[in-house]
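K.L.:
For reference, the structure I am asking about is given below.
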Amino acid sequence: MPYTRARRAVLGGLAVLTVLPLAACGSGDTPASPAPSTTASRPDPAGKPSAGDFQRLERTYGARLGIYAVNTGNGREVAYRDTERFAYASTFKAFAAAAVLRKYSLNGMGKVVKYSRADLLSNSPVTAKHVETGMTLRELCDAAVRYSDNTAANLLFAALGGPKGLAAALAEAGDTATRVERREPELNEWTPGATRDTTTPRAWAANLRAFVLGDALGKDERAQLAQWLRTNTTGDELIRAGVPKGWTVGDKTGGGGVYAVRNDIAVVWPPNAAPIVMAIMTNRGTADAPYDNKLIAEAASVVVRTLS
């Protein structure tokens, strides 16, 4: 497949660091967890070791934290619980848009999709305004990525032939970890240990790198996806809040509504330097626990400090 080279670059050459198991959080939110895997592709004398920082964040926020990030210029990596499964929630919308771009190309994005008021879901701020006229595939991708519009996401699923169509597109990109099975809103019905509609931080970041920086899309389609991500309206308090001012961030957020599922995936462009790709995924152990965006912002700060 044409994009496995970029994925191999992301996944190759790891040295494993040992991390002690976590104790149960004082808040009672999260049960004791097995020792998380923490890896680095090569020593970084300028950066602080990140495992302890991430453990402290887990204890502070009573949450489970999964991270994979790579500096695409020098190959340095940060990984913490990077092969554990997390519910992906709305972050999948970036890849649904990517798969539609790949299937239809920019030339086919003017196709109009009709839908009815009965198709509208909650959190559909854009599609709710265009029931009478329908929307083009381009407009649906924009709504799904930039505004996390749920109805738009399901219409993208339909354009791909359902969740199996997105799963096939990810598999063609080399993803063997992600399990795409349901549409909105059912895909958010996750419990700890469930595998439907889950991925790993490592796989999710590799997909993002393949579609935004690699050759999984043509040049023009890749540029369009990057533009949607850079102009996302939902991510100001997450990874964007954890990187220095003046850095460009293209991200897609996700929140599941149960077990404090909260995620953000991003390509980050520092000035005059190679981009950093990162996936940060979180949850808590209690079904009605709220999430805290500061956890992701602080984790992003650790990643940036370590890799830049």
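End of the sequence shown sits at 308 in the working numbering; the numbers just go up one at a time, nothing left out.
Cβ coordinates follow ideal geometry from the N, Cα and C atoms, glycine included.
Bear in mind the structure is a predicted one, so any value in this text is a computation, not a measurement.
1) Count the other CB atoms, across all protein chains shown, that sit within 10 Å of the CB of threonine 231; report buried if there are 16 or more and exposed otherwise.
2) Could you check the C-alpha separation between glycine 256 and alanine 287 for me, to the nearest Å?
3) In three-state terms, what does DSSP make of threonine 136?
4) Please classify alanine 223 as buried or exposed, where buried requires at least 16 other C-beta atoms within 10 Å of its C-beta.
5) For a test of the three-state rule: what should DSSP assign to arginine 240, helix, strand or coil?
6) At 4 residues or longer, and completely inside the segment 155-181: list those alpha helix (DSSP H) runs for me, N to C.
7) Compare the Cα-Cα distances from alanine 94 to each of Val78, Tyr147 and Arg59 and report the closest residue.
8) Straight-line CA distance for proline 34 to arginine 64?
9) I need the straight-line Cα distance from proline 31 to glycine 285, nearest angstrom please.
10) CB glycine 66 to CB tyrosine 80, shorter than 8 Å?
11) Looking at leucine 160 and alanine 96, is the spacing between their C-beta atoms short of 8 Å?
12) How many angstroms separate the CA atom of glycine 134 from the CA atom of asparagine 293?
13) Do alanine 69 and valine 277 have their C-beta atoms closer together than 8 Å?
14) Thinking C-beta only, is alanine 274 closer than 8 Å to asparagine 71?
15) What are the partner residues of leucine 65, as DSSP defines its beta bridges?
16) Run the CB neighbour count on valine 112, radius 10 Å, all protein chains shown included, and call it buried at 16 or more, exposed below.
17) Helix, strand or coil for aspartate 119, going by three-state DSSP, please let me know.
18) With a cut-off of 8 Å on the beta carbons, I'd call valine 303 and valine 78 a contact; round off their distance for me.
19) Hey, would you say valine 309 sits closer than 8 Å to alanine 98, going by beta carbons?
20) DSSP has glutamate 309 in a bridge; who is on the other side?
21) When DSSP labels each residue in this structure, what does valine 258 get in the three-state scheme?
22) Excluding the 5 residues preceding and the 5 following alanine 153 in the sequence, name in chain order all residues of the same chain whose CB lies nearer than 7 Å to its CB.
23) Could you give the residue range of the alpha helix (DSSP H) that holds valine 100?
24) Compare the C-alpha of arginine 262 against each of Leu217, Ala158 and Trp190 and name the closest.
25) Which of the three DSSP states, helix, strand or coil, is assigned to glycine 108?
P.N.:
Considering the structure as presented:
1) Answer is exposed; the Cβ neighbour count stays below 16.
2) Distance from the CA atom of glycine 256 to the CA atom of alanine 287, rounded to whole angstroms, is 11 Å.
3) In the structure shown, the three-state DSSP call for threonine 136 is strand.
4) So alanine 223 counts as exposed.
5) It is helical.
6) Listed in chain order, they are 163-172.
7) By alpha-carbon distance to alanine 94, the top candidate from Val78, Tyr147 and Arg59 is Tyr147.
8) Unreliable placement is indicated for proline 34, whose pLDDT of 42 sits below 50; no coordinate value is reported for it.
9) With a pLDDT of 31 at proline 31, under the threshold of 50, the modelled position of this residue cannot be trusted, and the question is left open.
10) In contact: glycine 66 and tyrosine 80 (Cβ atoms closer than 8 Å).
11) Yes; because the gap between Cβ atoms is below 8 Å, this pair is in contact.
12) Here the C-alpha atom of glycine 134 lies approximately 34 Å from the C-alpha atom of asparagine 293.
13) A contact, by the Cβ cut-off of 8 Å.
14) Contact flag set, yes.
15) The partner list for leucine 65 (beta bridge, DSSP) reads Thr282.
16) Exposed, because fewer than 16 other Cβ atoms sit within 10 Å of the Cβ of valine 112.
17) Look at aspartate 119 here: in three-state DSSP terms it is helix.
18) The beta-carbon separation of valine 303 and valine 78, rounded to 5 Å, stays under the 8 Å limit for a contact.
19) Residue 309 is absent from the structure shown; the chain starts at 1 and stops at 308.
20) Missing from the structure shown is residue 309; the chain here goes from 1 to 308 and no further.
21) Correct three-state label for valine 258: coil.
22) Answer for alanine 153: Lys93, Ala96, Ala144 and Glu184, listed in chain order.
23) Counting along the chain, the alpha helix (DSSP H) containing valine 100 begins and ends at 92-104.
24) Check the Cα spacing between arginine 262 and each of Leu217, Ala158 and Trp190: the tightest is with Trp190.
25) The three-state secondary structure of glycine 108, taken from DSSP, is helix.
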